[in-house]
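Reading through the structure tokens given below for one structure.
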Amino acid sequence: MPFTEVCIYQVHPQKVDAFEAVLREAKPFLEQQQGLLQLRLIKRGYRIDLEEIKEGLPPPALTRIVKSVKYLLYWEFDTKESYGAAQKNLYNSYWKAIERCLIAPHDKYLGEVLF
């Protein structure tokens, strides 16, 4: 059963370029992790608006930064063991550079894929 992590990063607005540069540099390294099935980095750029949802319209873009710029890292592995090994490799390589860009410790959500 595949194992997934969704990590939410709150990046200091003045460190967005540095954060994105670190993740671009880390991408080939992350993609080489044993058992990796999928890797995605998402930058939050839109918000939910009930009126747009009711009308079937696209979500409105964010127009200002409040406190931080949010990113979501999604990666999926074939097993929990592969995930654990990849976390160790990330910790020993890019972890500190990523953390220097954050305003708060990142949130991690872990679990097995249901569908």
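All residue numbers for the sequence shown refer to our numbering, where the first residue is 589 and numbers rise by one. By construction, the Cβ of each residue, glycine as well, lies at the ideal position given by its N, Cα and C atoms.
Taking C-alpha atoms, which residue in 634, 646 and 618 lies nearest to residue 679?
The shortest Cα separation from residue 679 among 634, 646 and 618 belongs to 618.
Looking only at C-alpha atoms, which of 623, 698 and 702 sits nearest to residue 595?
Looking at the Cα atoms, 698 is the closest of the given residues.
Taking the alpha carbon of residue 652 as the reference point, which residue from 590, 597, 593 and 601 has its own alpha carbon closest?
Checked all of 590, 597, 593 and 601; the closest Cα to residue 652 is 601.
Starting from the Cα of residue 690, find the closest Cα among 664, 606 and 592 and give me that residue.
Checking every option, the nearest Cα to that of residue 690 belongs to 606.
So, is residue 611 buried or exposed, given that buried needs 16 or more other C-beta atoms within 10 angstroms?
Buried, since its Cβ has 16 or more Cβ neighbours within 10 Å.
Please confirm whether any heavy atom of the ligand NAP lies closer than 7 Å to the CB of residue 598.
Although the ligand NAP was asked about, the structure shown includes no ligands whatsoever.
Please check the pair residue 669 and residue 592, which I expect to be a contact at CB under 8 Å, by giving their CB distance rounded to whole angstroms.
Residue 669 to residue 592, Cβ: 14 Å. No contact.
Got a sec, what are the start and stop residues for the beta strand (DSSP E) residue 695 sits in?
Note, residue 695: beta strand (DSSP E), 695-700.
For the candidate residues 598, 702 and 590, whose alpha-carbon lies nearest to that of residue 696?
Nearest option by C-alpha distance: 598.
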